[in-house]
Amino acid sequence: MERRKFIQNTGLVLGGLAIAPNLIAAPNLKRTTKITILHTNDTHSNIDAFPANHAKYPGLGGVSRRYELVQEIRQQEEHVLLLDAGDIFQGTPYFNRFGGVLELKLMTSMKYDAATMGNHDFDAGMDGFLKAKAYADFPFLCSNYDFKNTILDGQTKKHHLFQKGNIKIGVFGLGVETKGLVPDALCKEVEYLNPVEIAQDRVRELQELGADLIICLSHLGYSYGNDKISDIKLAQQTEGIHLIIGGHTHTFLEKPTVEMNVKGNPTLINQVGWAGVQLGRIDFYVGKNFKNESQLILID
Amino acid sequence: MKLKLNILIFIIGAGLTACSFGKETFVKTASIPIDKTYPNSAKVDSIVTPYKTQLDAEMNQVITHAAVDFVNNKPWGNLGNLIADIILEKGKTLVADSHVVCLLNFGGLRAPLNKGDITLGDIFKVMPFDNQMVLVKMPAETMEEIRAYLKQSGGEPIAGFSIDSLNVFDVYGNPWQAKDFWVITSDYLMNGGDRMYFFQKRLETIEPGILFRDVLIESVQKQAILKDNQQPRIK
Chain A
-15 MERRKFIQNT GLVLGGLAIA PNLIAAPNLK RTTKITILHT NDTHSNIDAF PANHAKYPGL
45 GGVSRRYELV QEIRQQEEHV LLLDAGDIFQ GTPYFNRFGG VLELKLMTSM KYDAATMGNH
105 DFDAGMDGFL KAKAYADFPF LCSNYDFKNT ILDGQTKKHH LFQKGNIKIG VFGLGVETKG
165 LVPDALCKEV EYLNPVEIAQ DRVRELQELG ADLIICLSHL GYSYGNDKIS DIKLAQQTEG
225 IHLIIGGHTH TFLEKPTVEM NVKGNPTLIN QVGWAGVQLG RIDFYVGKNF KNESQLILID
Chain B
4 MKLKLNILIF IIGAGLTACS FGKETFVKTA SIPIDKTYPN SAKVDSIVTP YKTQLDAEMN
64 QVITHAAVDF VNNKPWGNLG NLIADIILEK GKTLVADSHV VCLLNFGGLR APLNKGDITL
124 GDIFKVMPFD NQMVLVKMPA ETMEEIRAYL KQSGGEPIAG FSIDSLNVFD VYGNPWQAKD
184 FWVITSDYLM NGGDRMYFFQ KRLETIEPGI LFRDVLIESV QKQAILKDNQ QPRIK
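Top to bottom, those sequences are chains A and B.
For the first sequence, our numbering begins at -15 and goes up steadily by one.
For the second sequence, our numbering begins at 4 and goes up steadily by one.
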């Protein structure tokens, strides 16, 4: 239902041309630049695949296989970004015994391009995070945590602009409210800032820097039954974000959710559960004169 | 027939014209299950092996056995019952009072205990957090706040009491005796984790400096087969 609305809406944007949705669904992709976004979230220190007797995901996951899958895609595609939406730490004894070092070493070997911090990435304390981070050669993007007065000050970035072919991709990160979620002792001086306002600031700045595509790495969570800010609400209350890669709620989505933003344009939201049992893949075929999210069209 | 074909060509033409402006960005998506389709990477395995060898020696020790799957569920599950019972039992040895309950959080139990051999590593997966056991004395009237919290949250692992939409019961199913009581919980929850703000009203605090996980390990090692308790404690 969401997708249908999405396509109809796009039809209107095209100036009222009576193009049937099924014709849009078979577009000419030849003159576009293909950008392949690969993503994970809430991998939670799951280095090994789940055992064959696992109650929910028997035999699934494993960093070793994820590496091979990513390699296979890298061989086929020219422009790949590999991103993570946080909660890299905590969940297996690898974290308890080695403090997150192995997780970040492996993400570096897979050539992750960026990640954001989830609430559990504070579990070794900020000093623990910093020690493990020495093994990561990709940036942590955190725009709504103010780390001033903490040892993480200057250790994360608000956003990063990636150049892939002729396309600039702006990526920024949002973290979940730490109150009631992260023990004070672990994140005492960290100030949590309003994600909607911060997101809009990031979008503006990334647009000024010439970003063609804007991606938010979010650890806010997909959706809640109350007023708490979520990816769905973030999409509805902002503009200019093409894709929100979510986490925190361990939500498995069969297809990305499409939400209409403040301007009535689509924003995609995706999340791939947890523990690295899936890899999310989103291919953007960016048109030469693509300007904003009003011209996004989801195809099969 | 010919007329129809013309219309089709016209529409396709319009589609191509629209696309040739290059304004659109098309999006294709997929969630790819990571399964046996993909081989293991020699490169990753060489990085992991030294860590894994060290860890496996410790974690692969079988310490007990499960005859059924122990699963974390709301409003209650046999995993929550098992663990809350173990924590309560330990806590009772640390306070000189019989009015004692245990309150944990659903989100704190991170994995099921699957039917079969249970290893030390399995216990770490259930309770990866280095949460400390704490004992807090609560004023009598806060039991109603706890009951309301449990209804609103949809249920958390508890022991030593049960609730329904209106009432609180003791372990024998009798009405809860309203007087000050002790709650065995984690430092995380006592400090406002999962918005359990009622703990701010605590009268006394005992922090014995014991990890929950260590309590669990110590207890399950004494059980040849884990006790499957199917009692619905939150109704």
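Glycine included, C-beta positions come from ideal geometry on N, C-alpha and C.
Query: Among His68/B, Lys39/B, Trp79/B, nearest to Ile161/B - alpha-carbon criterion; Result: Trp79/B
Query: Every unbroken beta strand (DSSP E) inside the segment 100 to 131 of chain B [3 residues or more]; Result: 103 to 106, 119 to 122
Query: CB contact below 8 Å: Pro115/B versus chain A; Result: yes
Query: Opening and closing residue of the alpha helix (DSSP H) in which Asn12/A lies; Result: No alpha helix (DSSP H) holds Asn12/A; DSSP gives it neither H nor E.
Query: Among Lys272/A, Arg265/A, Leu158/A, nearest to Asp284/A - alpha-carbon criterion; Result: Arg265/A
Query: Euclidean distance between Cα positions of Val64/A and Gln262/A; Result: 17 Å
Query: Identified DSSP bridge partners for Thr251/A; Result: Glu243/A
Query: Contact list for Met62/B against chain A, beta-carbon separation under 7 Å; Result: Pro77
Query: Test: Gln60/A CB closer than 8 Å to a CB of chain B; Result: no
Query: Limits of the unbroken beta strand (DSSP E) element including Gly94/B; Result: First-last for Gly94/B: 81 to 95, but that is the alpha helix (DSSP H), not the beta strand (DSSP E).
Query: Contact list for the segment 259 to 270 of chain A against chain B, Cβ threshold 9 Å; Result: Gly260, Val261, Gln262, Leu263, Gly264, Arg265, Ile266, Asp267, Phe268, Tyr269, Val270
Query: CA-to-CA distance, Val74/B to Leu237/A, given in whole angstroms; Result: 23 Å
Query: Positions along the segment 193 to 213 of chain A whose CB lies within less than 9 Å of some CB in chain B; Result: Asp196, Leu197
Query: CB contact below 8 Å: Asn232/B versus chain A; Result: no
Query: Among Phe124/A, Phe82/A, Lys212/A, Leu67/A, the one whose alpha carbon lies nearest that of Asn254/A; Result: Leu67/A
Query: Close-in-space but distant-in-sequence residues of the same chain around Asp120/B (CB under 7 Å, 5 per side omitted); Result: Val65, His68
Query: Spatial distance of Met130/B from Pro42/B (CA atoms); Result: 30 Å
Query: Straight-line gap, Ile151/B to Glu159/B (C-alpha atoms, nearest Å); Result: Per the sequence presented here, residue 151/B reads as Ala, with Ile not at that position. Approximately 12 Å between the Cα atoms of the pair.
Query: Within chain B, the residues that Ala120/A reaches when beta carbons sit closer than 9 Å; Result: Going along chain B, no residue has its Cβ under 9 Å from Ala120/A, so there is no contact; the nearest lies around 14 Å.
Query: Minimum Cβ-Cβ distance from Asn133/A to chain B less than 8 Å; Result: no
Query: Three-state class that DSSP yields for Ala108/A in the structure shown; Result: coil
Query: For Phe164/B, the three-state DSSP class (helix, strand or coil); Result: strand
Query: N- and C-terminal bounds of the beta strand (DSSP E) containing Tyr269/A; Result: 262 to 270
Query: Sequence ranges, beta strand (DSSP E) only - wholly within the segment 58 to 119 of chain A, length at least 3; Result: 64 to 68
Query: Assigned exposure category for Ser49/B - 16 Cβ within 10 Å defines buried; Result: exposed
Query: DSSP state of Asp185/A mapped onto helix, strand, coil; Result: helix
Query: Neighbour flag for Thr208/B against chain E, beta carbons, 8 Å; Result: Going by chain labels, chain E is absent from the structure shown, which instead holds the protein chains A and B.
Query: Beta-carbon separation (whole angstroms), Phe73/A vs Ala108/A, contact threshold 8 Å; Result: 7 Å
Query: Contacting positions in the segment 40 to 56 of chain B - beta carbon closer than 7 Å to chain A; Result: Tyr41, Pro42, Asn43, Ser44, Lys46, Val47, Asp48, Ile50, Val51, Tyr54
Query: Residues that DSSP places opposite Cys200/A in a beta bridge; Result: Phe156/A, Ile228/A
Query: Separation of Ile228/A from Met(-15)/A, as counted between CA atoms; Result: Annotation note: pLDDT 38 at Met(-15)/A (below 50); position unreliable, no value reported.
Query: Residues that Gln224/B bridges to, as DSSP identifies them; Result: Looking at the DSSP assignment, Gln224/B forms no beta bridge with any residue, so it has no partner.
Query: With 16 other Cβ atoms within 10 Å as the buried cut-off, status of Phe127/B; Result: buried
Query: Run of the alpha helix (DSSP H) containing Val47/B, from where it starts to where it stops; Result: 45 to 62
Query: Terminal residues of the alpha helix (DSSP H) in which Ala33/B lies; Result: Careful: Ala33/B lies outside any alpha helix (DSSP H), inside the beta strand (DSSP E) at 28 to 36.
Query: Beta-carbon proximity check, Gln233/B vs Asn81/B, cutoff 8 Å; Result: yes
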